[in-house]
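Numbering (the numbering used here), first residue to last: 8 to 257.
Glycine is no exception: its CB is placed at the ideal position from the N, C-alpha and C atoms.
Each remark here refers to the structure printed beneath this line.
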């Protein structure tokens, strides 16, 4: 088995950044993965007392399909966020209050009524706005995506599932049986600890920003569950590159 793609998503719900190599750290997710989120004005996020919250407190694909059309790129060295949708573009300096507000206003204008109250760009040092409270990396087998698509009669873009690591060489849905096992991934060591239950975010076509598929429903009909992919915690850090092998231990 080998790594075919590495991706992080600097802003929750927005586009990925693909990486040829990444340095994993024990007990952490990918650097800058889900570092930011746009908190809905009526949500429960409190920057003074941050805690993990369900995705619906933020702009997210499960509720806001249209944000799939927005491209985001984050430069951690300059602390700038580039947002674009068609001809509309913004370069926001996140080190300033003006830059952060500009990003909030830009996205709110594109979300329209789906921006519930004033959007707030959320960032908490050491916190990632992931779908689970644990700090983890997500893996999914390409064969699982291909088989589900074949059974449903529709080719599925792996980006629908927003994994950090796409893995080839495993049998369809084999990764679901890795829970509780350790693995060597490049120079890092992981422990797989949880299956990923899929939600309405996977219904959104990443190219068109339209809901045109029902992966959670198809999974339940075909397999009796809505799980695809797994979460892993990093036990020992190290570099991981596209083309590196994944070796299960024990």
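Within 7 Å, strictly: CB atoms of residue i and residue j
i	j	result
residue 148	residue 182	yes
residue 84	residue 22	no
residue 145	residue 81	no
residue 167	residue 242	no
residue 12	residue 173	yes
residue 251	residue 193	yes
residue 101	residue 89	no
residue 111	residue 97	no
residue 214	residue 124	no
residue 28	residue 248	yes
residue 134	residue 57	yes
residue 165	residue 59	no
Cut-off 6 Å between Cβ atoms - residues of its own chain near residue i, not counting five sequence neighbours on either side
i	result
residue 42	17
residue 121	71
residue 136	19, 41 and 44
residue 159	225
residue 129	44, 46 and 52
residue 223	205 and 233
residue 67	20
Neighbourhood of residue i by C-beta distance below 8 Å, restricted to the same chain and skipping five residues each side
i	result
residue 188	198, 199, 255, 256 and 257
residue 230	180
residue 69	62, 63, 206, 207 and 208
residue 92	76, 77, 78 and 117
residue 34	142, 240 and 241
residue 185	199, 237 and 255
residue 25	12, 13 and 14
residue 86	100, 101 and 102
residue 216	72, 73, 74, 75 and 76
Nearest-angstrom Cα separation, counted from residue j out to residue i
i	j	result
residue 206	residue 32	28 Å
residue 227	residue 233	5 Å
residue 260	residue 210	The first residue shown for the chain is 8 and the last is 257, placing residue 260 beyond what the model contains.
residue 114	residue 36	26 Å
residue 163	residue 14	17 Å
residue 118	residue 46	13 Å
residue 203	residue 74	22 Å
residue 30	residue 132	19 Å
residue 152	residue 253	18 Å
residue 10	residue 245	15 Å
residue 99	residue 108	9 Å
residue 201	residue 190	14 Å
residue 212	residue 218	6 Å
residue 8	residue 138	26 Å
residue 95	residue 157	37 Å
Segment limits, beta strand (DSSP E) that includes residue i
i	result
residue 172	172-175
residue 245	245-248
residue 11	9-15
residue 90	87-92
residue 162	Per DSSP, residue 162 belongs to no beta strand (DSSP E) and is neither H nor E.
residue 181	Taken as a continuous stretch (DSSP letters only), residue 181 belongs to no beta strand (DSSP E), as it is neither H nor E.
residue 21	Run containing residue 21: none; DSSP gives neither H nor E here.
residue 190	189-192
Span of the alpha helix (DSSP H) around residue i
i	result
residue 152	149-159
residue 100	Looking at the DSSP string, residue 100 is not in any alpha helix (DSSP H); the run it does join, the beta strand (DSSP E), is 95-100.
residue 126	From DSSP, residue 126 is part of no alpha helix (DSSP H); its letter is neither H nor E.
residue 111	104-118
Close-in-space but distant-in-sequence residues of the same chain around residue i (CB under 7 Å, 5 per side omitted)
i	result
residue 161	220
residue 150	177, 178 and 179
residue 55	none
Minimum length 3: unbroken beta strand (DSSP E) runs contained in the segment 194-240: 195-204
Minimum length 3: unbroken beta strand (DSSP E) runs contained in the segment 27-83: 28-31, 44-46 and 78-82
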